[in-house]
Amino acid sequence: MKLSRAFLPTLKETPADAVIPSHRLMIRAGLIRPLAAGVYSILPLGWKVLKKIMAIVREEMDRIGGQELHMPALNPAEIWDETGRNADFGDEIFRLKDRKDRPLVLAPTHEEIICDLARKFVKSYKDLPQMWYQIQNKFRDEPRPRSGVIRTRQFFMKDSYSLDSDEEGLDLSYRLHADAYRAIFSRCGLDFHVVGASSGLMGGKVSQEFMFESEFGEDTLAICECGYAANLEVASARIETAEYPSAPLQRVETPGKRTIGEVAGFLKKEPLRFAKAVVMVADGKTVMVLVRGDHELNENKLQSFLGAAVRPAHPEEILAACGAEAGFVGPVQPSGPVRILADQALAGQRDLVVGANLRDHHYTGAEPGRDFKVDAFGDFRNVSPGDACVSCGRPLRVANAIELGHIFKLGTKYSSAMKATFLDRNGKEKPIIMGSYGIGIERILAAAIEQGHDEKGLIWNSVLTPYHVHLIPVKMDNPEIVRVSESLYGTLGAESWECLLDDRSASPGFKFKDADLIGIPLQVVIGDRWIREKKLELRIRRTGETTLIDENELSPRIRDYFGAEREGAC
RNA sequence: CGGGGCGUAGCGCAGCCCGGCUAGCGCGCUUGCUUCGGGAGCAAGAAGUCGUGAGUUCGAAUCUCACCGCCCCGACCA
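Going letter by letter, the first sequence gives residues -17 to 552 in the numbering used here.
Put into structure tokens, the structure is as follows:
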């Protein structure tokens, strides 16, 4: 592509509303332009990279036996009512009506459509297993789109679905996907973690996320050097408890001291000697959850334990259940009926500080079992940095991350609801066992940029780079330089290297800055050195290293840089 | 949805508090000349519903109200 003719609008200045590096650089380097909140046009340079990503995804999906299909984004709402997800998605689903006033939705995912296809075409165990996938636009009316292309309202997803007749089949389909995903993200040159995750709205028991670490991530991971990694939603750590002697239960005055920090300072006791009471409501019932004073309640774990959505209790509910306001509530003789759960770190603990269910008072010396009843112990807390890894005991690191992909063992949630069944060997009708697997295509692009840039601009890796070589003739008024650069452009193109030729009559500095911003791995400068000594300057974008080479050395150098796997193509 | 910020030329911004004459600056764009190794210089030019609507006023980019849009933090999130 010749830059004089290219639709490649680069920006010297950073747009005011772009915050994270990938977003800023995608706009500055002309990959994307915003149309509305969370909606982007993908310009030629960005589209070129996305197509390379999609090609890798297709190769790896085909390799594990996936069959590509394409389902409609425009769906009748009724099909979403069959599983109840039209309601479950709430405002996140885009709804519209056709001319006959029939309700339609823009699909946020495709389990329902898969089930519809499956119930029409899968009749027998002999038709299974199946693995169907697509790369398609998804629509989600996110409450808050953000971070450029990372959370948008319209985005490309590779979504695939496995249909199996038994659990062993599902295990295999799931494992194949896990392997394919590792291959995809590795081939795209990304550093990533595979973590145990929560299934959330999707249902099902087992799920794993593929995450890349980023300070701008919306998720938090617990990571150990031994290889253990989990989303904080489900991460656990070893329980380390010290033994303390019993002490008598004593009510003490703590005027105006509500938070653990305040009471700890006032009573001169460490926060870990506290049992913090958090009052939640699940299914209309009040639940008190105790966690150690230095720990945090993990609502996701509580939710999984209770099998119901939970929310923090309102002040009047707290008062009704405990007889005191937040800050002074505790497990010792609450005034109302409350189920009491406690984090396992509190099991067997003695001499704890708890709220007294009386304004401005706490108890010291409290002991579960002796002074208050715990209905159940469980893992209800967030892992914190430095906690001991469950598998090796070394300290865990906690880091933010962005989700690239998520794989789920769904089971029969959707197939049962939609009567997607088959006849097994015994002629018995059974629901198809499903898995569902997603990759955010644009997020791979964003991750590649988050992991490949410097203060000057993008630095593409050799796989995703939109072009291999950026030819920079300096002095376009010199016919010799123009002739040589055109000739190189022609020969490299014939060798099937993708080349950018900056044939604009701009100043050298301008071209160099633009080339660094666009970030093609190899830059070739044709200028003074050519005039004086017939040498090309080959510059590696990542390192800035420049070498003078003869014209006939260029192709071999390019081949070396991009590796032997390209040789067949040359 | 709660909190905060912003909306003036393609981009980045000033002007607004304290109303007033022709709405300004840098970049970019057009034309010409000169330049040409890290976002060149000079000269001449084109380009604006000051987000929208209503109100106050002799007069509104500026004050008031409503609405719309965009960004950030939080909530939420496959």
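Glycine included, C-beta positions come from ideal geometry on N, C-alpha and C. Predicted model, so just to flag it, every value in this text is computed and none were measured.
Option in -4, 282, 187, 29 with minimal Cα separation from residue 427: As a working note, residue 427 is residue 445 in the first sequence. For residue 427, the nearest C-alpha among the options comes from 29.
Do you know whose CA, among 406, 387, 411, lies nearest residue 398's CA? Your numbering for residue 398 matches position 416 in the first sequence. Cα-wise, what sits closest to residue 398 is 411.
Determine the burial state of residue 167: buried for a count of at least 16 other Cβ atoms within 10 Å of its Cβ, exposed for fewer. For the purposes of this step, residue 167 is identified with residue 185 of the first sequence, where counting begins at 1. Result: buried.
At the level of alpha carbons, what is the spacing between residue 550 and residue 206? Indexing the first sequence from 1 puts residue 550 at position 568. Indexing the first sequence from 1 puts residue 206 at position 224. Low local confidence applies: a pLDDT of 42 at residue 550 is under 50, so the model's placement there is unreliable, with the coordinate-based value given in what follows. Distance between the alpha carbons of residue 550 and residue 206 is about 41 angstroms.
Residue 356 versus 431, 22, 91, 316, residue with shortest Cα-Cα distance: Along the first sequence, read from residue 1 onward, the residue named residue 356 stands at position 374. Among 431, 22, 91, 316, the Cα nearest to that of residue 356 belongs to 316.
Using the Cα positions of residue 495 and residue 53, report the straight-line distance between them to the nearest angstrom. Here the question's residue 495 lines up with position 513 in the first sequence. Here the question's residue 53 lines up with position 71 in the first sequence. Going from the Cα of residue 495 to the Cα of residue 53 covers about 43 angstroms.
Spell out a yes or no on whether the region 424 to 441 and the region 27 to 43 are touching, meaning 3 or more CB-CB pairs, one atom from each, closer than 8 angstroms. yes
Whose C-beta lies closer than 8 angstroms to the C-beta of residue 440 among residues of the same chain, with five residues either side of it excluded? Translated into positions along the first sequence, residue 440 becomes position 458. The residues are 7, 11, 431, 434, 499, 500, 501.
Could you give the first and the last residue of the continuous beta strand (DSSP E) run that contains residue 304? By 1-based counting over the first sequence, the position of residue 304 is 322. Looking at the DSSP string, residue 304 is not in any beta strand (DSSP E); the run it does join, the alpha helix (DSSP H), is 297 to 304.
Could you tell me how far apart the beta carbons of residue 111 and residue 146 are, in whole angstroms, since I believe they sit closer than 8 angstroms? Sequence index remark: in the first sequence, residue 111 carries index 129 (1-based). Sequence index remark: in the first sequence, residue 146 carries index 164 (1-based). Between residue 146 and residue 111 the Cβ distance is about 5 angstroms, and since that is below 8 angstroms, they are a contact.
Helix, strand or coil: which one does DSSP assign to residue 563? Residue 563 falls outside the range modelled here, since the chain spans only -17 to 552, and no answer is possible.
Counting only runs of 3+ residues fully inside the region 97 to 173, write out the beta strand (DSSP E) ranges in chain order. 112 to 121, 136 to 146
If residue 504 and residue 540 are in contact, beta carbons under 8 angstroms, what's the gap, nearest whole angstrom? Along the first sequence, one-based indexing puts residue 504 at 522. Along the first sequence, one-based indexing puts residue 540 at 558. The Cβ separation is near 6 angstroms, so the contact holds.
Using DSSP bridges, identify the partner residues of residue 205. Position 223 of the first sequence holds residue 205. Bridge partners of residue 205: 211, 379.
Beta-bridge pairing of residue 57 - partner residues as DSSP gives them: Against the first sequence, residue 57 aligns to sequence position 75. Residue 57 is bridged to 87.
Are there 16 or more other CB atoms within 10 angstroms of the CB of residue 65, so buried, or fewer, so exposed? Taking the first sequence and counting its residues from 1, one reaches residue 65 at position 83. Of the residues assessed, residue 65 falls on the buried side of the cut-off, its CB having 16 or more other CB atoms within 10 angstroms.
For residue 332, three-class secondary structure by DSSP: Numbered from 1 along the first sequence, position 350 holds the residue referred to as residue 332. Coil, per DSSP.
With a threshold of 8 angstroms on Cβ separation, who are the neighbours of residue 188 within its own chain once the five nearest residues in sequence on each side are excluded? Sequence index remark: in the first sequence, residue 188 carries index 206 (1-based). Here the set comprises 156, 181, 390, 391.
Segments assigned alpha helix (DSSP H), at least 4 residues, entirely inside the region 385 to 440: Listed in chain order, they are 395 to 399, 423 to 432.
For the beta strand (DSSP E) that residue 194 lies in, which residues bound it at each end? Taking the first residue of the first sequence as 1, we reach residue 194 at position 212. Looking at the DSSP string, the run of the beta strand (DSSP E) that includes residue 194 is 188 to 195.
Which one or two residues does DSSP pair with residue 270 in a beta bridge? On the first sequence, residue 270 is found 288 positions in, with the first residue counted as 1. DSSP, once it has assigned bridges, lists 261, 322 as partnering residue 270.
Bridge partners - residue 292, DSSP secondary structure assignment: Within the first sequence, the letter at position 310 stands for residue 292. Beta-bridge pairing links residue 292 to 264.
Alpha-carbon to alpha-carbon, residue 178 and residue 285: As a first step, residue 285 is located in the first sequence; it is residue number 303 there, counting from the start. As a first step, residue 178 is located in the first sequence; it is residue number 196 there, counting from the start. Approximately 17 angstroms between the Cα atoms of the pair.
Hey, could you find the ends of the beta strand (DSSP E) residue 235 is sitting in? Mapped onto the first sequence, residue 235 falls at position 253. Segment 232 to 235, the beta strand (DSSP E) holding residue 235.
Which residue wins for smallest C-alpha separation from residue 40, given the options 460, 421, 301, 400? Working through the first sequence from its first residue, we reach residue 40 at position 58. When only C-alpha atoms are compared, the closest one is 421.
Helix, strand or coil for residue 506? Go by DSSP, reduced to three states. As a first step, residue 506 must be located in the first sequence, where it is residue number 524. The answer is strand: DSSP assigns residue 506 an E or B state.
Proximal residues to residue 324 (C-beta, below 6 angstroms), its chain only, five neighbours per side dropped: Your numbering for residue 324 matches position 342 in the first sequence. Taken in chain order, the residues that qualify are 272, 356, 359.
Evaluate contact between the region 214 to 229 and the region 361 to 380, counting only Cβ atoms and requiring at least three cross-stretch pairs below 8 angstroms. yes
Pick helix, strand or coil for residue 473, following the three-state DSSP scheme. Numbered from its first residue, the first sequence carries residue 473 at position 491. Residue state, collapsed to three classes: helix.
Over the uninterrupted alpha helix (DSSP H) stretch that includes residue 69, give me the two end residues. What you label residue 69 is simply residue 87 of the first sequence in a count that begins at 1. Unbroken alpha helix (DSSP H) run through residue 69: 67 to 70.
According to DSSP, is residue 359 helix, strand or coil? Stepping through the first sequence from its first residue, residue 359 is reached at position 377. Three-state DSSP puts residue 359 in a strand.
Taking the DSSP output, what are the residues bridged to residue 23? The sequence position of residue 23 within the first sequence is 41, counting from 1. Partner(s): 15.
With DSSP as the reference, label residue 243 as helix, strand or coil. To locate residue 243, count along the first sequence from 1; it is residue 261. Helix.
Should residue 57 be labelled buried (16 or more other beta-carbon atoms within 10 Å of its own) or exposed? Against the first sequence, residue 57 aligns to sequence position 75. Looking at its Cβ environment, which holds 16 or more other Cβ atoms inside 10 Å, residue 57 is buried.
Of the residues 161, 191, 542, 402, the one placed nearest residue 46, counting alpha carbons only: Taking the first residue of the first sequence as position 1, residue 46 is located at position 64. Looking at the Cα atoms, 161 is the closest of the given residues.
Integer-rounded CB distance, given that residue 300 should sit under 8 angstroms from residue 308: For the purposes of this step, residue 308 is identified with residue 326 of the first sequence, where counting begins at 1. For the purposes of this step, residue 300 is identified with residue 318 of the first sequence, where counting begins at 1. With a Cβ gap of about 5 angstroms, residue 308 and residue 300 count as contacting.
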